[in-house]
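So for the sequence shown, the numbering used here puts the first residue at 94; every next one is plus one.
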Amino acid sequence: MSTEENQYPRITESLTKAEVPFPDFLEKNFARILIRVELLWGSPEAVAYIESLFLEDRPDPTKPGHSARTDRQGFPMSAVNELVLLKQIHQRYFLTPSQNPHDPFSGSDALLPIETPTNSVLQQSAVIHEPALQRSSDEGALAIDGHPDNAASAATLSTLSLQEPGWTSERRRSNERADWPIIHTQNELFESAKLQHNGENVYPLQDKPVGEILLYYGLMDEKAMRVVRNMQKKPQHKNQPIGEILIEIGIIKQEELTRALHIQAGVLMVDLLTFSIPPETLKIVPTAKAREKQVVPIGTYHDTLYLAVSNPFTFTDRPFFSFLTGLKIMLVFAPQHEIVNRLNLYGGGKSSIEAREEFRNLASKAGSEFSTVKSADEVSYTDISENDSTIIGLVNQLTLNAIDAGASDIHIELFPGSSESNIRFRRDGNLEHFSSFPSNYHNAVVSRIKIMASLDISEKRRPQDGKISLPLQNGTRVDLRVATIPALRGTEFVTIRILASGEPQPLVNMGMGERDMKTFRELFSQPYGLILVCGPTGSGKTTTLHSVLKELNTPERKIWTAEDPIEIVQKNLCQVQVNSKIGMTFAAILRSLLRADPDIIMIGEMRDQETSRIALEASMTGHLVLSTLHTNSAADTIARLIDLDIDPYNLSDALIAILAQRLARKICPACARREEASPLLLDSLATEYYQSGFAKAPARAERDQIIQEWRKSFGVDDKLYIMHPVGCKACNAGYKGRIGLYELLRPTPAMRALIRHQSSAAEYLAAGIADGMRTLKQDGIEKVIRGITDMVQVRSACI
Numbered sequence: 094m095s096t097e098e099n100q101y102p103r104i105t106e107s108l109t110k111a112e113v114p115f116p117d118f119l120e121k122n123f124a125r126i127l128i129r130v131e132l133l134w135g136s137p138e139a140v141a142y143i144e145s146l147f148l149e150d151r152p153d154p155t156k157p158g159h160s161a162r163t164d165r166q167g168f169p170m171s172a173v174n175e176l177v178l179l180k181q182i183h184q185r186y187f188l189t190p191s192q193n194p195h196d197p198f199s200g201s202d203a204l205l206p207i208e209t210p211t212n213s214v215l216q217q218s219a220v221i222h223e224p225a226l227q228r229s230s231d232e233g234a235l236a237i238d239g240h241p242d243n244a245a246s247a248a249t250l251s252t253l254s255l256q257e258p259g260w261t262s263e264r265r266r267s268n269e270r271a272d273w274p275i276i277h278t279q280n281e282l283f284e285s286a287k288l289q290h291n292g293e294n295v296y297p298l299q300d301k302p303v304g305e306i307l308l309y310y311g312l313m314d315e316k317a318m319r320v321v322r323n324m325q326k327k328p329q330h331k332n333q334p335i336g337e338i339l340i341e342i343g344i345i346k347q348e349e350l351t352r353a354l355h356i357q358a359g360v361l362m363v364d365l366l367t368f369s370i371p372p373e374t375l376k377i378v379p380t381a382k383a384r385e386k387q388v389v390p391i392g393t394y395h396d397t398l399y400l401a402v403s404n405p406f407t408f409t410d411r412p413f414f415s416f417l418t419g420l421k422i423m424l425v426f427a428p429q430h431e432i433v434n435r436l437n438l439y440g441g442g443k444s445s446i447e448a449r450e451e452f453r454n455l456a457s458k459a460g461s462e463f464s465t466v467k468s469a470d471e472v473s474y475t476d477i478s479e480n481d482s483t484i485i486g487l488v489n490q491l492t493l494n495a496i497d498a499g500a501s502d503i504h505i506e507l508f509p510g511s512s513e514s515n516i517r518f519r520r521d522g523n524l525e526h527f528s529s530f531p532s533n534y535h536n537a538v539v540s541r542i543k544i545m546a547s548l549d550i551s552e553k554r555r556p557q558d559g560k561i562s563l564p565l566q567n568g569t570r571v572d573l574r575v576a577t578i579p580a581l582r583g584t585e586f587v588t589i590r591i592l593a594s595g596e597p598q599p600l601v602n603m604g605m606g607e608r609d610m611k612t613f614r615e616l617f618s619q620p621y622g623l624i625l626v627c628g629p630t631g632s633g634k635t636t637t638l639h640s641v642l643k644e645l646n647t648p649e650r651k652i653w654t655a656e657d658p659i660e661i662v663q664k665n666l667c668q669v670q671v672n673s674k675i676g677m678t679f680a681a682i683l684r685s686l687l688r689a690d691p692d693i694i695m696i697g698e699m700r701d702q703e704t705s706r707i708a709l710e711a712s713m714t715g716h717l718v719l720s721t722l723h724t725n726s727a728a729d730t731i732a733r734l735i736d737l738d739i740d741p742y743n744l745s746d747a748l749i750a751i752l753a754q755r756l757a758r759k760i761c762p763a764c765a766r767r768e769e770a771s772p773l774l775l776d777s778l779a780t781e782y783y784q785s786g787f788a789k790a791p792a793r794a795e796r797d798q799i800i801q802e803w804r805k806s807f808g809v810d811d812k813l814y815i816m817h818p819v820g821c822k823a824c825n826a827g828y829k830g831r832i833g834l835y836e837l838l839r840p841t842p843a844m845r846a847l848i849r850h851q852s853s854a855a856e857y858l859a860a861g862i863a864d865g866m867r868t869l870k871q872d873g874i875e876k877v878i879r880g881i882t883d884m885v886q887v888r889s890a891c892i
């Protein structure tokens, strides 16, 4: 049992059930907080404690007068993300009703927003501390020992009165929720800047009491006002600011009070997730200083630079930036997580909309530059050089946009009769249009890519493969695998694979079920034998093998790999690149590796009979051999190897395990909609589940048994829930990331006998099912029941 499972058994159980990784960053850097969460896990106090960690500028009980500490620093974003994830998982399995109808964390949603404008947890500065929690006698609410205390907000709060506002609005009578007046575009910023420049109010409710602002925006009603008024009459709440009381009793969140204070003070609020910032504005503040001071320049108006910060009331570096830029500085508010996200892209990446627009503008600029020399009809492919600065900039921008978008592949295509070359990105396995550029310089772009990949630009009749090592602005490098293929009328298509970099994924993060994970670990821990991972191209086979090697990579083992190409580099692995041009094929390398005293050998792919035979012999002579095969299922893999004329007796003795896998798109947890699965839907899923393994319809009793097992394993209060994609800024049409679907076949004595008799794939499948194997679709259906993906993705990934 791991250290986490020993020390945090409750948290580990829920995270394992949800198939999410353990919060290693918290465990390493904030173990005290994680221990407290473990003690409270399963109770409403756990959620209250996590929420309390995000209140700003907490008083320090160890200091005289409980004054707020200004030397506290915010949580790193890694800690914030893990805390929010813990809260989401807790509310998924231990539903906690809220008394606040506007609480975005209340309700029945299984997974809650992480980076959306309504999520107040991430839209404020988090402070590293552990506040004392106590039960308040007022209204039975959970009170937190402490209150916001900074130079501006405290002064503002102390002047608030509880008198009834002297107006009544339709919104207040109907208790509707109004949208915050947040700036989303440059035009909106200029209009507000103009008002400020003329000395006018930017908000209708500017300078009004905060209580009046909160009433207008539907964050509280008359009943809440009466509760606050009664609480202020009691000694413990006498002279306590209204905002502080409203937060204590759960009527509003800290972020909502913060926005109300900004409206009162006339501070502009901006949505950095959608705001388009001109490149020339970003250049005003050096990248290093912007990151150091946590600011983002968003626009200029006359001689004023508008600077987005997370707390305009306490920001003290205004004179510094005024001296640095030579401009007047006007502060605007943006949540801390939006500033961090924008700074991660500062000087390089853009939002997907901005990236498309910027690339399109760059392509249009290139076309106009070339057309100034000749008319559009006169421009030919040979007139445009691959060494032209515009072409170089176009290719560089294209690759950076793809990396920022998280794409795995770039496709550059020119179809017959088209006036534009098409660019498509593959993200999370889905191919989507990105942009285009005039077809007149398609050849120049292709030649530029060939030069970067060290390919022959004069050869346009044969396919070519190459590799690019691209430096990034943050000091890291990313490898690109380039493939050019000649098509109709001398046109070449280009596909660029963005290779995985850095450390391999931990095996526990691959999405494998608990039972399969335990069995798989036992199998690859054996000293010798053959382990195969099968699936189509792009199904994550190499990633899985490197995750296995990461666990096997110890000083006592000598590990060799033969790969084409080497996509993931690990320390202490002897990795060899296949190069068929000089005779370094998989088979040739494998023969050499057997003379290099290996303990473990990983072969990128068993493509032919010779490689397969050598690998099988190696697995029978004291070596653990891992490899991949392009087959549809685990059962088909055995039949394929026998078709390659592999000795079935040797195969039956050497084979340890076959893992078939696919990748399915995950439902975005930030916007997913959860609903209880109907009996009709459960019957349909149970029928498809049974048919996947037995190729026949189940009886009523068999369907009921399957559903009952799901309720026992995945149910919440004996109910099963299904997640539906919705779509938000953080995802792609309701999906974000991918999850593995697995089928683990372990040869039993009965199956080894079938292999020796060269049986059919159907017989291997039946033997595996009898031994408890789940098919790819069955594993996918269980992940649907668990709210990780949906049946559309499962059916598209496997038969």
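Cβ atoms here follow ideal geometry from the backbone N, Cα and C, with glycine treated the same way.
Taking Q871 as the centre and dropping the five residues before and after it, the same chain places the C-beta of Y782, S785, G786 closer than 7 Å to its C-beta, in chain order.
The three-state secondary structure of D396, taken from DSSP, is coil. Using a 10 angstroms sphere on the CB of T714, the tally of other CB atoms stays under 16, which defines it as exposed.
Between I624 and A753, the CB-CB gap reaches or exceeds 9 Å. For the pair K346 and I340, the CB atoms are nearer than the 9 Å cut-off. At the C-beta level, G861 and I815 stay beyond 9 Å of one another. With contact defined as three or more Cβ pairs closer than 8 Å, the segment 730 to 744 and the segment 839 to 855 are in contact.
Per DSSP, the beta bridge partners of F586 are I578. Between the C-alpha atoms of M603 and G486 there is a straight-line separation of about 37 Å. In the structure shown, P412 falls within a helical segment according to DSSP collapsed to helix, strand and coil. Straight-line measurement puts the Cα of N323 at about 12 Å from the Cα of Q333.
With respect to G135, F168 sits apart: the two C-beta atoms are not nearer than 9 Å. Look at the beta carbons and you see the segment 554 to 561 touching the segment 569 to 579: at least three pairs across the two are nearer than 8 Å.
A buried status is given to T584, since no fewer than 16 other beta-carbon atoms sit within 10 Å of its beta-carbon. The beta carbon of V402 sits closer than 6 Å to those of V388, F408, L424, all from its chain and outside the five residues before and after it, given in chain order. Proximity of the segment 621 to 641 to the segment 752 to 769 meets the contact definition, three or more beta-carbon pairs being nearer than 8 Å. Boundaries of the alpha helix (DSSP H) around P137: 137 to 145. Taken through DSSP and simplified to helix, strand or coil, F426 comes out as strand. With a threshold of 16 other beta carbon atoms within 10 Å, K829 meets it and is buried. In the three-state DSSP reduction, S512 falls in the coil class, being neither helix nor strand. Going by C-alpha positions, E525 is about 5 Å away from R517.
By the CB criterion at 9 Å, G392 and A537 fall outside the cutoff. S705 is not a Cβ neighbour of L748, given a cutoff of 9 Å. Under the three-state reduction of DSSP output, Q184 falls in the helix class. With a minimum length of 4 residues, the unbroken runs of alpha helix (DSSP H) contained wholly in the segment 681 to 749 fall at 702 to 712, 727 to 736, 741 to 747.
With a threshold of 16 other beta carbon atoms within 10 Å, E293 falls short and is exposed. Here the segment 788 to 805 makes no contact with the segment 833 to 848; the two share fewer than three CB pairs at distances below 8 Å.
In the DSSP assignment, M816 falls within the unbroken beta strand (DSSP E) covering 814 to 817. By the criterion of at least three beta-carbon pairs nearer than 8 Å, the segment 677 to 693 is in contact with the segment 650 to 665.
Taken through DSSP and simplified to helix, strand or coil, E337 comes out as helix. Assignment of beta-bridge partners to N672 by DSSP yields M677. In this structure, G827 keeps its C-beta atom at 9 Å or more from the C-beta atom of A770. The C-beta separation of A500 from I591 comes to about 6 Å, placing the pair in contact by the 8 Å criterion.
Exposure of N665 is indicated by the presence of fewer than 16 other C-beta atoms within 10 angstroms of its C-beta. With a cutoff of 9 Å on beta-carbon distance, L493 and I503 are scored as not near each other. The alpha-carbon separation between R319 and Q184 amounts to approximately 30 Å.
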